[in-house]
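Here the structure is laid out as structure tokens; the discussion comes afterwards.
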Amino acid sequence: MASCKKARIKDAAFRRLVSLALITVFGVVLLLILLRTNTVSNLINSYTNESSESFESIEEVKDANTHLTRIPKLPLQNELSILLSKRNQMPPRNLDLYPKLAKDHVVVVLYVHNRPQYLQIVIDSLSRVEGISETLLIVSHDGYFEEMNKIVEGIKFCQVKQIFAPYSPHIFSESFPGVSPKDCKEKDDPVEKHCEGTPDQYGNHRSPKIVSLKHHWWWMMNTVWDGLEETRHHSGHILFIEEDHFIYPNAYRNMQLLAELKSKKCPDCYAANLAPSEVKSRGEGWECLVAERMGNVGYAFNRTVWRKIHKKAAEFCSFDDYNWDITMWSTVYPSFGSPVYTLRGSRTSAVHFGKCGLHQGHNRNVACMDNGGVNIVVDEIDKVANIKPEWEVRKYEHQAGYKAGFKGWGGWGDVRDRELCMEFAKMYI
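All the letters of the sequence shown, read from the start, carry residue numbers 1141 to 1569 under the working numbering.
What follows is the structure, given as structure tokens:
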């Protein structure tokens, strides 16, 4: 005990000595600061000027996220949701066959629902694309469907990574974002029916299968750009295609050219497209590039554009339309303050096919296409890159289509959907 008491006495004396020394040092430092205020200010200003680029980039990120808090409040996950979240962290397949990606690769993201007949066709078309083995293919699923999973697991022509939306309405059978027991249906009156829900502008309550369209797209965008280890530091373009897009053999090489030419040939262009914005068009066949309104078939943009989109999360999530593309055309793009153009070739490199809607085509034996297949003729000129760097750009102005002022088709009036959408924007910041 004696030794412990002595130690405490020594410790107390030592602390008094240290306190006295710190006070002395602080006084000296304060005196120096008062004497040399101008010198210190100049030094700080000099450092700030030299590091202006770093500070600007940091502030830009901060400004972009001031509308968001940092802790997302996502729905309570069920067992399948947790399993899918873990699976999303798995590395790509086929690393043994394709251990390295090309330096200038354009990541390809294929987002799918539950139409295996369609998926098989787009996968077959991708297998014939020149250069596809040089890049990473990410397949984003709206929920989990075993037949869709098996088709993707059969891919051998490139690195491939599957991700599954863990908050898809399709995997929540008894709770939001799926169907909750107390949910209002169609045009139910919440007071009369004692049900829950906020109707859209047309008086209709949410349909989980419909709202999954917008939820999946927004979750996927946030996850691919900011969440996945494979892509969150990707500095180039990312190409997005859907399960009913037939991809031509020259699509990847053409997109590489468009991504490279965009900043030089069309500074006003935010993106590049494989196909015209008019879905039925196959292009003009001119010897020039085309700048027009952004389309939804085979579109690509870079991280700078994604940051602008992400900053408009509130606009995206509050617009009463269950379609992601109409939401972008009607409220997000107009909020940028200038026309949003995309650059493309004058011949299409991707086409939309099929007769089925989103929730058809689940059975391979059901013919959603002519004779159960597609009849798309690919000319020889469309099998190789057919874009020339020396071509001029022809710009379409004042095109028809959805614009600012359109109120939306509805289906996105429930406050819970809008809040979940905003939470997706907070997942990785």
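In this text, a Cβ means the ideal position worked out from N, Cα and C, and glycines have one as well.
Going by C-alpha positions, glutamate 1274 is about 25 Å away from leucine 1429.
The beta carbon of lysine 1354 lies closer than 6 Å to those of Tyr1462, Trp1464 in the same chain, with the five residues before and after it left out.
When C-alpha distances from glutamate 1382 are compared across Leu1266, Met1562, Arg1558, the shortest belongs to Leu1266.
The count of Cβ pairs closer than 8 Å, one atom from the stretch 1402 to 1416 and one from the stretch 1277 to 1292, stays below three, leaving the stretches out of contact.
With respect to the C-alpha of tyrosine 1536, the residue from Gly1435, Trp1552, Ser1458 having the closest C-alpha is Gly1435. The beta-bridge partner set that DSSP reports for arginine 1433 consists of Tyr1481. Assignment of asparagine 1228 by DSSP, reduced to helix, strand and coil, places it in the coil class.
Judged by DSSP in its simplified three-state form, histidine 1310 adopts helix.
Inclusion of serine 1489 and leucine 1414 in the CB contact set at 8 Å is warranted, their separation being smaller than that value. Look at isoleucine 1263 here: in three-state DSSP terms it is helix. Here methionine 1288 is buried. Its C-beta has 16 or more other C-beta atoms within 10 Å. In the displayed model, leucine 1241 falls within coil according to three-state DSSP, outside both helix and strand. Our two residues, glutamate 1427 and valine 1419, have alpha carbons roughly 21 Å apart in a direct line. The residue from Pro1256, Leu1216, Pro1231, Val1246 with its alpha-carbon nearest to that of glycine 1438 is Val1246. The three-state secondary structure of tyrosine 1410, taken from DSSP, is strand. Within the same chain, and ignoring the five residues on either side of glutamate 1424 in sequence, the residues whose Cβ sits closer than 6 Å to its Cβ are Ser1486. The closest CA to that of valine 1491, considering only Asp1522, Tyr1481, Val1300, is found on Asp1522. The residue among Gln1217, Gly1551, Gly1545 with its C-alpha nearest the C-alpha of phenylalanine 1312 is Gln1217. The Cβ atoms of tyrosine 1251 and phenylalanine 1441 do not sit closer than 8 Å to each other. Two segments are said to touch when three or more pairs of C-beta atoms, one from each, lie closer than 8 Å; by this definition the stretch 1292 to 1308 touches the stretch 1226 to 1243.
Between tryptophan 1552 and methionine 1395, the alpha-carbon positions lie close to 33 Å from each other. Residue environment analysis places aspartate 1329 among the exposed positions, since fewer than 16 neighbouring C-beta atoms fall within 10 angstroms of its C-beta.
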